[in-house]
Amino acid sequence: MPTPGLDDLIAAGVRGKRVFVRSDLNVPIDEGILGDDTRIRASLPTLQRLLTAGARVAVGSHLGRPKGVRKPEQSLRPVAQRMAELLGRGVSFSEDCVGDATRAAVEGLGDGELLLLENLRFHAGEETNDDAFARALAAPFDAYVNDAFGTAHRAHASTAGVVPHVDQAVAGALLQAELEHLRVVREPARPLLAIVGGSKVSSKLGVLEALAIEADVVAIGGAMAYTFLAAAGEPTGASLVEPELIEAARALKANAEQHGRRVLVPTDHVVSQKVEAGAPTRVVEEIPDGWLGVDIGPTTAKRYAEEAASARTVFWNGPMGVFEIDAFAGGTRTVAEGVAASTATTVVGGGDSLAAVQSMGLGDRITHLSTGGGASLEYVQGLTLPGVAALER
Ligand code: ADP
Ligand code: MG
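If you read the sequence shown in the numbering used here, its first letter stands for residue 209, the second for the next number, and so on.
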């Protein structure tokens, strides 16, 4: 069943309706000073469309992990001000997201006016998806819009629990765009190349197992590569290896090959004796004792970039090395350039991967930069996202 979207809600007429929008406004705030506001900007198209159509909008979000406790340093108040600047209109703020005062604030909204609610996670019922809390959240509203892709893989009160308690529930523009682009990876033009790197096999085992069968080629880099090398019986020196996952890595590769897929592991490595800027490095095919892999080697990086050139769909999550240190960023850079240059549909997800691609100035040459992190990985591996499933009732 297609997910109902913002167009459906607006077509049905929203003038004068009270609409609760769940956005992802989880931005860095340090001592009251708001840092990178990308997420606020990303939330605006949905809000703007609703306001222009005359809806009375209240927007809610989590910020950080206050775990059910009211923490002033995790207040969303600074976001209201930035939002007002960006929208060029007033944004009022409610000290809570439920209760009488919140209801009064929502009832005080005129057509086309916007209210920001306080951090949803100041209430424990948000993360436990408590039904009484979900009811209280939904109470002042006629309709609900979920635009928070980054939390769609969590069944929380504001992402799933509210839905049965409103007349209409739809996906916002940002959530819809994420689903559309990530669907391209779930139903790919082939060959599909998945490039997976980053810190650990353990954090990405689910997606690796799924991609090892779904993708035509899986190219592995980052720290997780060394667990795969260990599984192949190759020396790994002092590299980060997860011994308890060696067997899983071996099984995964064998299973992929049985399905006619290829799993590529690095054949050369940048090694160092310390993960530290300025530490001497070597490029090797066999990792010596006392040295650890900090990046895929140039031959491997070139091979992965060539795979990107001949793929029709590329999904990339996880840097190829410790890219935060310039001397260990070469593999990530070569692969990023290869992905950017490819004529394939390219999707990059993951906080560090996005940071790497952006810092290399290649962001606008990628088809879709997924903001979802955990949610994109779960969606790509074929799992149902509770926040999306709730809308498809
Ligand atoms: P993403 O946020 O894109 O999903 P991850 O969080 O899984 O990516 O992994 C990113 C981290 O992995 C980076 O901090 C990077 O330094 C680290 N990393 C990559 N390769 C290695 C390596 N060889 N050794 C240690 N850490 C690594
Ligand atoms: Mg990360």
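We put the CB at the ideal spot given by N, CA and C, even for glycine.
Note that the structure is a prediction, hence the values are computed from the model and not measured.
Do Gly538 and the ligand MG come close, with the Cβ less than 8 Å from some heavy atom? Within the sequence shown, the letter at position 330 stands for residue 538. If you check the C-beta of Gly538 against the ligand MG, you find no heavy atom less than 8 Å away.
Considering only residues of the stretch 246 to 320, which uninterrupted beta strand (DSSP E) runs meet the minimum length of 3 residues and lie entirely inside it, listed in chain order? For the beta strand (DSSP E) assignment, the uninterrupted runs of no fewer than 3 residues enclosed by the stretch 246 to 320 are, from N- to C-terminal side, 264 to 268, 299 to 302.
Nearest CA to the CA of Asn525: which residue from Leu214, Leu390, Gly320? Working through the sequence shown from its first residue, we reach residue 525 at position 317. Of the candidates Leu214, Leu390, Gly320, the one whose C-alpha sits nearest the C-alpha of Asn525 is Leu390.
Residues passing the C-beta test against the ligand MG heavy atoms, cut-off 6 Å: Shown in chain order are the residues whose CB sits closer than 6 Å to a heavy atom of the ligand MG: Gly558, Gly559, Asp560.
Verify whether the separation of the beta carbon atoms of Val229 and Val353 is less than 9 Å. For the purposes of this step, residue 229 is identified with residue 21 of the sequence shown, where counting begins at 1. For the purposes of this step, residue 353 is identified with residue 145 of the sequence shown, where counting begins at 1. Cβ atoms of Val229 and Val353: closer than 9 Å.
Could you pull the DSSP bridge partners for His576 from this structure? For the purposes of this step, residue 576 is identified with residue 368 of the sequence shown, where counting begins at 1. Beta-bridge partners of His576 (DSSP): Val555.
Can you tell me which residues form a DSSP beta bridge with His477? Along the sequence shown, read from residue 1 onward, the residue named residue 477 stands at position 269. Looking at the DSSP output, His477 shares a beta bridge with Val492, Ile504.
Is the stretch 366 to 378 in contact with the stretch 391 to 398, if contact means three or more CB pairs nearer than 8 Å? As far as the Cβ criterion goes, the stretch 366 to 378 does not touch the stretch 391 to 398, which means the pair count is below three.
Would you say the beta carbon of Ala544 comes nearer than 8 Å to a heavy atom of the ligand ADP? The residue labelled residue 544 in the question sits at position 336 within the sequence shown. Every heavy atom of the ligand ADP is 8 Å or more from the Cβ of Ala544, so no.
Let me know the secondary structure DSSP gives Gln376 once reduced to three states. Sequence index remark: in the sequence shown, residue 376 carries index 168 (1-based). Residue state, collapsed to three classes: strand.
Using three-state DSSP, classify Val522 as helix, strand or coil. Locating residue 522 in the sequence shown gives position 314, where the first residue counts as 1. Val522 falls in the strand class under three-state DSSP.
Could you compute how far the alpha carbon of Val415 sits from the alpha carbon of Ser584? The sequence position of residue 415 within the sequence shown is 207, counting from 1. The sequence position of residue 584 within the sequence shown is 376, counting from 1. Computed Cα separation, rounded: 10 Å.
Does the stretch 540 to 551 come close enough to the stretch 576 to 595 to have 3 or more Cβ pairs within less than 8 Å? No: the two stretches stay apart, fewer than three of their Cβ pairs being nearer than 8 Å.
Close Cβ partners of Ile421 (< 6 Å) along its chain, the five nearest in sequence each way excluded: Residue numbering aside, residue 421 sits at position 213 when the sequence shown is read from its first letter. Within the same chain, Ile421 has close Cβ partners His467.
With which residues is Tyr352 paired in a DSSP beta bridge? Position 144 of the sequence shown holds residue 352. Tyr352 has Phe228, Ala377 as its beta-bridge partners, per DSSP.
What is the rounded straight-line gap between the Cα of Lys510 and the Cα of Leu401? As a first step, residue 510 is located in the sequence shown; it is residue number 302 there, counting from the start. As a first step, residue 401 is located in the sequence shown; it is residue number 193 there, counting from the start. So the alpha carbons of these two residues sit roughly 15 Å apart.
Who does Val426 pair with in a DSSP beta bridge? In the sequence shown, the residue the question calls residue 426 occupies position 218. Per DSSP, Ala402, Val471.
Does the beta carbon of Glu484 fall short of 8 Å from some heavy atom of the ligand ADP? Within the sequence shown, residue 484 is the residue found at index 276, counting from 1. Distances from the CB of Glu484 to the heavy atoms of the ligand ADP are all 8 Å or more.
Val555 to Ala456 span [Cα, whole Å]: For this step, residue 555 is matched to residue 347 along the sequence shown. For this step, residue 456 is matched to residue 248 along the sequence shown. Rounded to whole angstroms, Val555 to Ala456 spans 26 Å at the Cα level.
Return the first residue and the last residue of the alpha helix (DSSP H) that Leu322 is part of. Indexing the sequence shown from 1 puts residue 322 at position 114. It is not in any alpha helix (DSSP H) - Leu322 instead sits in the beta strand (DSSP E) that spans 322 to 325.
Can you name the start and end residues of the alpha helix (DSSP H) that Phe330 belongs to? Counting from 1 along the sequence shown, the entry for residue 330 is found at position 122. Run containing Phe330: none; DSSP gives neither H nor E here.
Sequence-distant residues of its chain with Cβ nearer than 6 Å to Gly320 (five each side left out): As a position in the sequence shown, residue 320 is number 112, starting the count at 1. Non-local beta-carbon contacts of Gly320 in its own chain, meaning distances under 6 Å to residues more than five positions away in sequence, involve Leu259, Gly262 in chain order.
Look up Gly213 in the DSSP assignment and say whether it is helix, strand or coil. Taking the sequence shown and counting its residues from 1, the one referred to as residue 213 is at position 5. Looking at Gly213 - three-state DSSP - the assignment turns out to be strand.
Can you tell me whether Glu586 is buried or exposed? The criterion is at least 16 other CB atoms within 10 Å of its CB, across all chains shown. Against the sequence shown, residue 586 aligns to sequence position 378. For Glu586, the number of other beta carbons within 10 angstroms of its own is at least 16, and it is reported as buried.
Tell me whether Gly430 counts as near the ligand ADP, meaning its Cβ is closer than 8 Å to at least one heavy atom of that ligand. Taking the sequence shown and counting its residues from 1, one reaches residue 430 at position 222. Gly430 Cβ: within cutoff of the ligand ADP.
Would you mind stating whether Val287 and Ile237 have Cβ atoms separated by less than 9 Å? The sequence position of residue 287 within the sequence shown is 79, counting from 1. The sequence position of residue 237 within the sequence shown is 29, counting from 1. Against a cut-off of 9 Å, the Cβ pair of Ile237 and Val287 comes out as a contact.
Just list the residues that DSSP pairs Asp238 with in beta bridges. In the sequence shown, residue 238 corresponds to position 30, counting from 1. Ile241.
Quick check: does the Cβ of Pro253 come within less than 8 Å of any heavy atom belonging to the ligand GTP? Summarising the ligand content, the structure contains the ligand ADP and the ligand MG and does not contain the ligand GTP.
Alpha carbon to alpha carbon, how far is Ser251 from Leu294? For the purposes of this step, residue 251 is taken as the residue at position 43 of the sequence shown. For the purposes of this step, residue 294 is taken as the residue at position 86 of the sequence shown. Straight-line Cα distance between these residues: approximately 11 Å.
Spatially closest choice to Phe531 from Ala385, Ala431, Arg469, Leu599, by CA coordinates: Within the sequence shown, the letter at position 323 stands for residue 531. Of the listed residues, the one whose Cα sits closest to Phe531 is Ala431.
Note the first and the last residue of the continuous alpha helix (DSSP H) segment covering Ala438. Locating residue 438 in the sequence shown gives position 230, where the first residue counts as 1. In the DSSP assignment, Ala438 falls within the unbroken alpha helix (DSSP H) covering 432 to 439.
When you measure from the CB of Met528 to every non-hydrogen atom of the ligand ADP, does any distance come out below 8 Å? Position 320 of the sequence shown holds residue 528. Within the cutoff, so yes.
Stretch-stretch touch, CB-based, cutoff 8 Å, three pairs: the stretch 360 to 368 with the stretch 217 to 224: The stretch 360 to 368, when compared against the stretch 217 to 224, does not touch it at the 8 Å Cβ threshold.
Nearest-angstrom Cα distance between Tyr434 and Arg285? Residue 434 sits at position 226 when you count from the first residue of the sequence shown. Residue 285 sits at position 77 when you count from the first residue of the sequence shown. The straight-line gap from Cα to Cα measures roughly 45 Å.
With a threshold of 16 other CB atoms inside 10 Å of the CB of Thr551, please say whether the residue is buried or exposed. Sequence index remark: in the sequence shown, residue 551 carries index 343 (1-based). Flag for Thr551 reads exposed.
Sequence-distant residues of its chain with Cβ nearer than 6 Å to Pro496 (five each side left out): Your numbering for residue 496 matches position 288 in the sequence shown. The beta carbon of Pro496 lies closer than 6 Å to those of Gly445 in the same chain, with the five residues before and after it left out.
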